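> Residue numbering for the sequence shown follows the numbering used here, beginning at 994 and increasing consecutively. Cβ atoms here follow ideal geometry from the backbone N, Cα and C, with glycine treated the same way. No experiment lies behind these values; they were computed from the predicted model shown.
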Amino acid sequence: MPVHFNTCLLIDDNYIDNFVTRKILESGNFADNIIVIQSPQEAINALRDGTVKPDAIFLDIRMPIMSGFEFLQEYESLELDNKEVVKIFMLSSSLDPTDMNNSKSNKYVARFVHKPLTHQALEELYT
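1. At 3 residues or longer, and completely inside the stretch 1033–1074: list those beta strand (DSSP E) runs for me, N to C.
2. For E1019, which of F998, I1037, D1074, A1039 has the nearest alpha-carbon?
3. Take the Cβ of K1097 as the centre, count every other Cβ of all protein chains shown within 10 Å, and call the residue buried at 16 or more, exposed below.
4. By DSSP, does V1013 sit in helix, in strand, or in coil?
5. Return the bridge partner residues of V1029 from the DSSP annotation.
6. Cutting at 8 Å between CB atoms, please list the residues of its own chain near N1011, excluding the five before and the five after it.
7. Can you tell me the Cβ-Cβ gap for S1085 and I1054, rounded? I've got them flagged as a contact below 8 Å.
8. Could you work out which residue in Q1034, E1077, M1056, P1033 is closest to A1103 when comparing CA atoms only?
9. Can you grab the Cα-Cα spacing for the pair E1072 / N1038, in whole Å?
10. Between which two residues does the alpha helix (DSSP H) holding K1097 run?
11. Mind checking whether T1000 and K1046 have CB atoms under 8 Å apart?
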């Protein structure tokens, strides 16, 4: 049975990728609320001030100004009640093995997912 989340935060600087990912998440009934923020720094601020309280995050790796890995460093310093239980899925078109290894070794990252997100990839998150 698929896991269903209350709030999913999508952090990606690419409008088209956000559109596609959001549609897949919506049609897959992944979460009740899907919040899209194109700036990792804005996402950190929203998490810090409590305006966004996700239980799942899809995080792009390659973004200008702040990468997904830099976001994770900032995330580490946040004082959030549910930080340890939030599922973070690194979402990237990168084929760089270093990106995959860094994702897998980060204690907050649940899974590395290749872009574009597909229904099949979404189903595999449940296994």
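According to the data block:
1. 1049–1053
2. Taking the sequence shown and counting its residues from 1, the one referred to as residue 1019 is at position 26. Nearest option by C-alpha distance: F998.
3. Position 104 of the sequence shown holds residue 1097. Burial call: exposed.
4. Within the sequence shown, numbered from 1, the residue matching residue 1013 stands at position 20. Note: V1013 maps to helix in three-state DSSP.
5. By 1-based counting over the sequence shown, the position of residue 1029 is 36. Its beta-bridge partners are L1003.
6. As a position in the sequence shown, residue 1011 is number 18, starting the count at 1. Once the five neighbours on either side are set aside, the close Cβ partners of N1011 are L1003, D1005, V1029, Q1031.
7. Taking the first residue of the sequence shown as position 1, residue 1085 is located at position 92. Taking the first residue of the sequence shown as position 1, residue 1054 is located at position 61. Rounded, the Cβ-Cβ distance is 4 Å, consistent with contact.
8. The residue given as residue 1103 occupies position 110 in the sequence shown. Among Q1034, E1077, M1056, P1033, the Cα nearest to that of A1103 belongs to E1077.
9. Along the sequence shown, one-based indexing puts residue 1072 at 79. Along the sequence shown, one-based indexing puts residue 1038 at 45. Each residue's Cα considered, the two are about 12 Å apart.
10. By 1-based counting over the sequence shown, the position of residue 1097 is 104. Per DSSP, K1097 belongs to the alpha helix (DSSP H) from 1090–1098.
11. Locating residue 1000 in the sequence shown gives position 7, where the first residue counts as 1. Locating residue 1046 in the sequence shown gives position 53, where the first residue counts as 1. Yes. Within cutoff.
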